[in-house]
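Sequential numbering of the sequence shown, starting at 13, is according to this note's numbering. For glycine and all other residues, C-beta sits at the position ideal for the given N, C-alpha and C. As the structure is a computational prediction, the values presented were derived from the model and not from experiment.
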Amino acid sequence: MGIKLAHIRKNYQKSKLSDGDVIGDPFLLFENWYNEAVKNGESEPNAMVLSTVNGNKPSARIVLLKELSEGSFLFFTNYNSRKGNELKLNPFVALTLFWPGLERQVRIEGEVGKLRSDVSENYFNSRPEESRISAIISPQSQVIPSKKFLEDKFTGFISANQPIQRPEHWGGYRCIPESIEFWQGGEHRLHDRIRFTKEIENWKIERLAP
Ligand SMILES: Cc1cc2nc3c(=O)[nH]c(=O)nc-3n(C[C@H](O)[C@H](O)[C@H](O)COP(=O)(O)O)c2cc1C
């Protein structure tokens, strides 16, 4: 029983992140990498691990990056979920994206704040009707008695002909990064790691050992 994975070894040789390729604006570099991930056909290129902290214990899950604008990364969720409750107590997060086809990882660390309700509203209303209903009826992260409980809530909502409005507890967060690290897999495990750290006026750029 079990799985032995020690023999699995991959050589990273797709690309390099040379000092000359590092542009001073990490958001522009992120945009370039994101566009390359899309072009490369990565599956779910906007999926990212969102790590939060509860007391001194971490928890992590995937959420979808929905926008990068004005220097912040946006995602949407239920404010009363486990992550939502953790963020109420500690707004510091880590976001991790992995684009295996390009052998790239991006690590973002920063602080989140809730989006203005009209911004959440706009995004909510852009979602397909079924997704909006699910967001309304699902008490995300709570223990429920059965799948049927959820399905009944879903069909009950539809047959009651209720308005499909964004509930107060559903919306977005913006993560304002304090640091962004770009990792490019390299030959012989000599990977490239470039970290941008926010300073008052600009970004400090450093190369880290792999
Ligand atoms: C590919 C993928 C995308 C997801 N996107 C989201 C998302 O954008 N927002 C969200 O709340 N949950 C999303 N989820 C579900 C979360 O991973 C998680 O199950 C849920 O948010 C509850 O997490 P929590 O109990 O830690 O709050 C996604 C899951 C996967 C696998």
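Reduced DSSP secondary structure (H/G/I, E/B, other) of residue i
i	result
D37	coil
L114	helix
K26	coil
E43	helix
A72	strand
E213	coil
N66	strand
E98	helix
E190	strand
E48	helix
G53	coil
G14	coil
Cβ shell of residue i (< 6 Å), same chain only, five flanking positions each side left out
i	result
P57	A49 and V50
A147	W182
S7	A question about residue 7 goes unanswered here, because the residues of the chain that appear run from 13 up to 222.
I192	P38, I120 and F208
V65	N102
S71	T64
S132	G183 and G184
Residues of its chain near residue i, where Cβ-Cβ distance is below 7 Å and the 5 sequence neighbours each way are ignored
i	result
L29	F194, Q196, D204 and I206
Y46	P57
V75	M60, L62, F87 and T89
R219	R205 and I206
Y135	K78, F88 and G184
S84	R186, C187 and I188
S202	Note that residue 202 is Leu in the sequence shown here, rather than Ser. Here the set comprises P222.
Residue(s) in a DSSP beta bridge with residue i
i	result
T108	V61 and R119
N90	W182
D204	Q196
R219	I206
L80	F85
Contacting residues, own chain, Cβ-Cβ under 8 Å from residue i (five flanking each side not counted)
i	result
L162	I149, S150 and I156
G36	N214, W215 and I217
D164	none
Query - Around ligand 1, Cβ to any heavy atom closer than 5 Å, ordered along the chain - result: A59, R73, I74, V75, L76, T89, S93, R94, K95 and S153
Query raised in the report: Residue ranges of each alpha helix (DSSP H) run of no fewer than 4 residues wholly in the region 121–171, ordered along the chain?
Result: 129–138, 141–149 and 159–171
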